[in-house]
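Accompanying notes for the structure given below.
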Amino acid sequence: DPVESTVAATNYLRSLKNQFGKWYLAAMAYNCGDGALKKAIQKAGTDDLVTLLDAEKKYLPAETRNFIIKILRAAYIAKDADFLISKESSLLNINGGLRLTKVKVPGGTNLAQIGDSIGLSTKKMKSNNPHLKFVFTPPTLKDYYVYIPENKKQLFSDNFKPFNGKNNFYAYTVKKGETLLSISKKTGVSHRAIKDYNELSTNAVSYNQKLIIPFSTQNKSHNYVVQTGDTIASLSKKFNVSEKDIKDANSLASSNLNVGANIVIP
């Protein structure tokens, strides 16, 4: 998540500023580590910027010296009044970034559905949410967040309607000895569909690997493989189907489920 990672990075940088007292020292420590910077200052006998950047003395790694020099150059250019009014000023991208805001949606929500509600393509939604591995939010979670343009927030509030029907997919944990083909046979979903949903480049799967298994949209009922921790009540909530309907569809006299059993979700 670029936003969360940026927040974490700025918090860390701020803590380094509090530790060393100067922003250029904080930037150095951010690049090479606070321990390495302390040793460099001790060896140089000063925290003077020019002294620490001495290429011959090599108090700091070359990577850190270059890192600081790039920052100083960018800062100098950004404060150059003549440059800021020139046609090249767009290179700084000042105020050119897209302002995003975080909104909460149900787990398993497709980005296309969110995009449709605010007039954005799925491709654009995906580029705004690089923290998502797939084009939908994690189906195993009740709620999850996505980023949308700040100027689209009202559109989202007005137009987005959470999907209240059955989930279109579920999470499956690979058992020992299973292959993609055996999982395909067990779940009734083609191995190609499983590969596409999970962005797998080969047919190889590993023990305990989490897979997303899509339901066929052509059938009103679906096969589901019981996972550890599943109960009639949890499946009822997960797929928005009454407990009675699940029990009736599978001729279950009790609410007990066996892990690995294939049941029908009506």
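Counting in the UniProt record's numbering, the sequence shown runs from 1 upward without gaps.
Where a beta carbon is used, it is the ideal one built from N, C-alpha and C, also for glycine.
Computed from a predicted model, the values in this text were never measured in an experiment.
- When only Cα atoms are considered, T187 and D34 end up about 52 Å apart.
- Of the residues M125, Y145, L72, P149, the one whose Cα lies closest to the Cα of P106 is Y145.
- Burial is judged here by how many other beta carbons sit within 10 angstroms of a residue's own beta carbon; Y207 has fewer than 16 and is exposed.
- Per DSSP, reduced to three states, the secondary structure at V174 is coil, with no helix or strand assignment.
- Sequence-distant Cβ neighbours of S15 in its own chain, meaning closer than 7 Å and more than five residues away, do not exist here.
- In this structure R192 is exposed. Its beta-carbon is surrounded by fewer than 16 other beta-carbon atoms within 10 angstroms.
- Inclusion of P130 and P2 in the CB contact set at 8 Å is warranted, their separation being smaller than that value.
- Selection S127, I118, E178 evaluated against N159 yields I118 as nearest (Cα-Cα).
- Cβ atoms of Y59 and A44 come within 8 Å of each other, at about 5 Å.
- In this structure L111 is in contact with M125, their Cβ atoms being roughly 4 Å apart against a cut-off of 8 Å.
- C-alpha of K17 to C-alpha of N66: approximately 20 Å in a straight line.
- With distances taken between CA atoms, A27 lies nearest to K70 out of S157, K70, E199, L211.
- Residue environment for K152: buried (at least 16 other C-beta atoms within 10 angstroms of its C-beta).
- Bridge pairing for T101: I148 [DSSP].
- Excluding five sequence positions before and after L180, the CB atoms of its chain that fall closer than 8 Å to its own CB belong to H191, I194, K195, L200, N203, A204, V205, given in chain order.
- Per the coordinates, the alpha-carbon of A40 lies some 28 Å from the alpha-carbon of I77.
- Taking D230 as the centre and dropping the five residues before and after it, the same chain places the C-beta of L257, V259 closer than 8 Å to its C-beta, in chain order.
- At the C-beta level, Y224 and Y147 stay beyond 8 Å of one another.
- Under the three-state reduction of DSSP output, F136 falls in the strand class.
- Cβ neighbours of T64 within its own chain (closer than 7 Å, five residues either side excluded): M28, N31, C32.
- Under DSSP, the beta-bridge partners assigned to P106 are D143.
- For P162, the closest C-alpha among the options K244, S127, T137 is that of T137.
- By the C-beta density criterion, L49 is exposed, having fewer than 16 other C-beta atoms within 10 angstroms.
- Counting C-beta atoms within 10 angstroms of its own C-beta, K104 has fewer than 16 neighbours from the protein chains shown and is therefore classed as exposed.
- At the C-beta level, E243 and S254 stay beyond 8 Å of one another.
- DSSP places L211 inside the beta strand (DSSP E), whose first and last residues are 210-214.
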